[in-house]
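Asker: The working numbering applies: residue 33 is where the sequence shown begins, and numbers increase by one. C-beta atoms are modelled at their ideal positions from N, C-alpha and C, and glycine is treated no differently.
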Amino acid sequence: MQEPFTLYKLIILFMLDSSDYPLSSSHIADFILSGGYTDYLTLRNALGELEDGGLVSSQTVRNRTLLSITEEGRRTLSFFVNDINAALRKDIESFLSENKLQTEERSSILADYKLLSDGEYEVTLSIKEKSSLLTEIKIRVPLEEIAISACAKWSEVNTDIYKFLIDKLY
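In structure tokens form, the structure reads like this:
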């Protein structure tokens, strides 16, 4: 008999493995909490154990944490994937399919900034497609307000800027 806590970790691994893009912790929580599988605290503990065990990697961008399955996570899942019943696997795949566009948009357009030692800010703007980085732009700006504005605007103008770069480089 499968222990519930182990099942929650397998669900998370299966979700990450089934997605072409990193998932935010809120996407995983949407599925697990709305399905009534467990509570938020137990979910956070499961995510923490997966990350501590090297089965999941996380990247925090601004106030969002994006999660990806590691090779070790894939290997582990391959041993236990049949412990997730077929109906639950189908529910996970349906959830990911229904939320794919939203997940892709959130995960593939990234913007962040950091304070540098000289008091300026470095803004990093990127576009990813699946696990491939299409472009990454780093810009130094003098004020945090400019960094915040650039990050906010990136989601609106990234396609135009990417097209402009390609047009100018070819």
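Pick from Asn114, Glu188, Asp49: whose alpha carbon is nearest that of Ser89?
Answerer: Position 57 of the sequence shown, counted from the start, is the residue given in the question as residue 89. When each option's Cα is compared against that of Ser89, the closest is Asp49.
Asker: In its own chain, which residues sit with a C-beta less than 7 angstroms from the C-beta of Ile141, not counting the 5 before and 5 after it?
Answerer: Here residue 141 refers to the residue found at position 109 when the sequence shown is read from its first residue. These residues qualify, in order along the chain: Ile159, Trp186, Ser187, Asn190.
Asker: With respect to 7 angstroms, is the separation between the Cβ of Ser51 and the closest non-hydrogen atom of the ligand HEM below this value?
Answerer: No copy of the ligand HEM appears in this structure; indeed no ligand is present at all.
Asker: Drop a sphere of 10 angstroms on the beta-carbon of Ile54, count the other beta-carbons inside from all chains shown, and report buried for 16 or more, exposed for fewer.
Answerer: Walking along the sequence shown from the start, residue 54 turns up at place 22. The identity of residue 54 in the sequence shown is Pro, whereas the question assumes Ile. Buried, by the Cβ-count rule.
Asker: Let me know the beta strand (DSSP E) ranges lying completely inside the region 45–109, each 3 residues or longer, listed in chain order.
Answerer: 88–93, 96–101, all fully within the region 45–109.
Asker: Less than 8 angstroms between CB atoms is the rule here; does Tyr202 satisfy it with respect to chain D?
Answerer: The displayed structure is made up of one protein chain only, and chain D is not part of it.
Asker: Exposed or buried, which one is Phe37 when buried takes at least 16 other CB atoms within 10 Å?
Answerer: Numbered from its first residue, the sequence shown carries residue 37 at position 5. Per the 10 Å Cβ criterion, exposed.
Asker: Rounded to a whole number of angstroms, what is the C-alpha to C-alpha distance between Ile171 and Leu98?
Answerer: Here the question's residue 171 lines up with position 139 in the sequence shown. Here the question's residue 98 lines up with position 66 in the sequence shown. Distance between the alpha carbons of Ile171 and Leu98 is about 23 angstroms.
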